[in-house]
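Working notes, structure below.
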Amino acid sequence: MDKGILIVVSAPSGCGKGTILGEVLKDEKFYYSVSATTRSPRPGETDGVNYHFLGKEQFEELISKDGMLEYASYCGNYYGTPRDKVLEKINEGKNVILEIEVQGAMQIKKKCPEAVFVFIAPPSVSELRNRLVNRGTETAEVIEQRVSEAAQEIQHAYEYDYVVVNDDLQQAISDFKAVVRAEEIKTVNQKNIIDEVLKNA
Ligand code: 5GP
81 MDKGILIVVS APSGCGKGTI LGEVLKDEKF YYSVSATTRS PRPGETDGVN
131 YHFLGKEQFE ELISKDGMLE YASYCGNYYG TPRDKVLEKI NEGKNVILEI
181 EVQGAMQIKK KCPEAVFVFI APPSVSELRN RLVNRGTETA EVIEQRVSEA
231 AQEIQHAYEY DYVVVNDDLQ QAISDFKAVV RAEEIKTVNQ KNIIDEVLKN
281 A
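Numbered according to the working numbering, the sequence shown spans residues 81 to 281.
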């Protein structure tokens, strides 16, 4: 069986990343890697579904046992990708999605150069601000903080292979799927098929 693809996705908050990935993940070929974190669960979040919520010591023990494919400290908490599950799913042929921030993505780039890196961007910073204002869940001050964080994160987009702009949602979903399809049919990922075609030559 062919191995699956490792897909690393980063996006500033308010870019609609959750909506795009939710749509993509309806296809059973994809597996969403559940990260570990030391931050507290938010209302509505479930342990083992949104994150594996760990204590700082548990998290550090996993790091020391080389149990993390990558990890980063972000806003005062650890976030990391448990290694074993990712490797298991890739070997089963699933396309594994890591939804992680930039520092972690750059660690994966060093360890797994064959992974594909996708940055999801808003059409403009002012549109991002509008979306956050319309969402109505944050104060004006927090919105400005998010907007300036987003502007900094977007500068890292050049380190990714693809940039999916979420202007029109359906277009963004179809662009994301197109990226994955292009990866699937890359020559390096088609070795089994080429061998099969040549078998009776
Ligand atoms: P939040 O606390 O809002 O759920 O996530 C904060 C940031 O941490 C987001 O940018 C999210 O993509 C990132 N993140 C989530 N899981 C991981 C992980 O396993 N590793 C890294 N490096 N970042 C993560």
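Even for Gly, the Cβ is constructed at its ideal location relative to N, Cα and C. Everything numeric in this text was worked out from a predicted model, so none of it was measured.
query = Do you know offhand how far Val-205's Cα is from Val-277's?
reply = 49 Å
request  = May I ask whether a heavy atom of the ligand FAD can be found less than 7 Å away from the beta carbon of Ile-177?
outcome  = What this structure holds is the ligand 5GP, not the ligand FAD.
message = Is it buried or exposed, Ile-87, if we count other Cβ atoms within 10 angstroms and call 16 or more buried?
response = buried
key: Residue from Ala-220, Gly-124, Gly-156, Glu-150 whose Cα sits closest to the Cα of Lys-189   = Looking at the Cα atoms, Glu-150 is the closest of the given residues.
task = State the beta-bridge partners of Gly-160 as determined by DSSP.
result = Ala-116, Tyr-151
inquiry  = Using the three-state DSSP reduction, which class does Ser-206 fall into: helix, strand or coil?
reply    = helix
Check: Gln-225 C-beta below 7 Å from any heavy atom of the ligand 5GP = no
query = When you compare only the Cα positions, how much space is there between Gly-124 and Ile-100?
reply = 20 Å
ask   = For chain D, is any of its Cβ atoms less than 8 Å away from the one on Arg-122?
value = In the structure shown, chain D cannot be found, because there is only a single protein chain.
ask   = Is Ala-152 near the ligand 5GP, judged by its Cβ being under 7 Å from some heavy atom?
value = yes
query = Mind checking Pro-121: buried by the 16 CB within 10 Å criterion, or exposed?
reply = exposed
ask   = Smallest Cα separation from Gly-84: which of Ala-195, Phe-139, Ala-152?
value = Ala-195
key: Buried versus exposed call for Gly-156 [16 or more other C-beta atoms within 10 Å across all chains shown]   = exposed
task = Using three-state DSSP, classify Ser-90 as helix, strand or coil.
result = Looking at Ser-90 - three-state DSSP - the assignment turns out to be strand.
query = Is there contact between the stretch 258–269 and the stretch 223–231, where contact requires at least three CB pairs shorter than 8 Å?
reply = no
ask   = Looking at the structure shown, is Leu-142 part of a helix, part of a strand, or coil, going by DSSP?
value = helix
ask   = Mind pulling the alpha helix (DSSP H) runs of 4 or more residues that sit fully within the stretch 187–265?
value = 205–215, 220–234, 249–264
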